[in-house]
Every structure is written in structure tokens, then in C-alpha cells.
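Contents: one structure, followed by commentary.
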Amino acid sequence: MIRLSRPGVWISILICSLLLVVAATAGTFVASQHRGSDGWRDGFLAYGQVSVAISGDDVNSPRTKRCIANSVQAGIDVRQGVPVVISLDGRAVGGGDLSTGELITETTHRGPSESWRASCHYKFSAPVTEPGEGQYTVDIGDAKVAFSMDDLRNGIDLVLS
Numbered sequence: 012m013i014r015l016s017r018p019g020v021w022i023s024i025l026i027c028s029l030l031l032v033v034a035a036t037a038g039t040f041v042a043s044q045h046r047g048s049d050g051w052r053d054g055f056l057a058y059g060q061v062s063v064a065i066s067g068d069d070v071n072s073p074r075t076k077r078c079i080a081n082s083v084q085a086g087i088d089v090r091q092g093v094p095v096v097i098s099l100d101g102r103a104v105g106g107g108d109l110s111t112g113e114l115i116t117e118t119t120h121r122g123p124s125e126s127w128r129a130s131c132h133y134k135f136s137a138p139v140t141e142p143g144e145g146q147y148t149v150d151i152g153d154a155k156v157a158f159s160m161d162d163l164r165n166g167i168d169l170v171l172s
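In terms of the working numbering, the sequence shown opens at residue 12 and continues consecutively.
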């Protein structure tokens, strides 16, 4: 049985209590370092759709049927798996990649002639891990298109030529 009348026991209890207070204070300090001025600096999920028009001669090609679309604006062939980078003032803060493309074809009639138009539509989602104030761009290949943070949170529709 422990005798509480001894000074050594009280000193041990006091030291343990002080260590517990120091540990709790340190834990609170570390947790508070992850907070910004407006609470937790959580990221957000940017998402949307990318559309690439397909020129007249390529509408019925095998590449088009697999939804591989050449984009002059992006400087690349746009297809499933192409990286989507979200930048804030030129610094990458999030990213993802394009989904499988969906081929959309339309037939237009002008008098007796018939023509085809086609485009490939790709979806993406890109977690933005370091949000902030400034100019956001969605970067696909060489194409860099500006959007607001609200647009990125609510879904964008990006059309590449």
C-alpha cells in the first residue's frame, strides 16, 4: 500500500501532473498550427468537363471513335489519363487526370447536304490541397485557362480548340 504522507509520493504526483499539462499544451499548440485565420485550411475538390471539337475530316477516324482528339490550343492529343493541373498564381496546388472520353456526334442538314460534327467530352476531378487567394488556372498540356475558386468548386466546362 502506498503511503500518501510521504513527501516523495506527492512530488511524484506533482511531476506527473505537470508533465500531463505540458503534453496537453504542446498537443493543442501543434493542432492550432494547422489552422488559418478562417479555421482549418482545408482544400476542395475542383471538377468539371473538358470538351474538344473534332474537325470535319477526322470525324469518322479510328482515333475519334476512341475519343483521342487533337487540340491545337493544348498542343497535345487529348485522351483518357491526360494530366489536369490546378495552379494558383503559376504554382501547382492540385491535380487529377481526364476520364474516358465520351464521343458526341451531331448530324446537320443544310439543304440537300449533310455534315457531321463531333466532339469528345472528358470529366475530371482534382483535389486542391493548398487553396488561397489569387488567379487559378486549369492546365491541360499547353492550355492554361483561368477560373475562379467558386467556379472550380461548382464545376467548370472547359472547351479546347
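Positions of the beta carbon are idealized from the N, C-alpha and C atoms, including for glycine.
These numbers come from a predicted model, not from an experiment.
In the DSSP annotation of this structure, the continuous segment of the beta strand (DSSP E) that includes T116 starts and ends at 113 to 121.
Residue state for G67 is assigned as helix, using DSSP reduced to three classes.
R164: not part of any beta strand (DSSP E); member of the alpha helix (DSSP H) spanning 160 to 165, first to last residue. Around the C-beta of G145, fewer than 16 other C-beta atoms lie within 10 Å, and the residue is accordingly described as exposed.
Taking P94 as the centre and dropping the five residues before and after it, the same chain places the C-beta of G106, D108 closer than 7 Å to its C-beta, in chain order. In the structure shown, G107 adopts extended strand secondary structure according to DSSP, grouped into three states.
Looking only at L163, H120, K76, C131, the smallest Cα-Cα distance to G54 is reached by L163.
The beta carbon of V61 sits closer than 6 Å to the beta carbons of Y133, L169 from its chain, once the five residues preceding and following it are set aside; these are given in chain order. The alpha-carbon separation between G86 and D153 amounts to approximately 6 Å. If you look at R74, you'll find it isn't in any beta strand (DSSP E); it sits in the alpha helix (DSSP H) that goes 73 to 76. Runs of the beta strand (DSSP E) spanning 3 or more residues and lying entirely within the segment 135 to 160 occur at 147 to 151, 154 to 158, in chain order.
Y147 is the residue among Y147, N165, I151, G166 whose C-alpha sits nearest the C-alpha of A157. Take the alpha-carbon of G92 and the one of L56: they are about 18 Å apart.
In this structure, DSSP gives G59 an extended state, which the three-state scheme calls strand.
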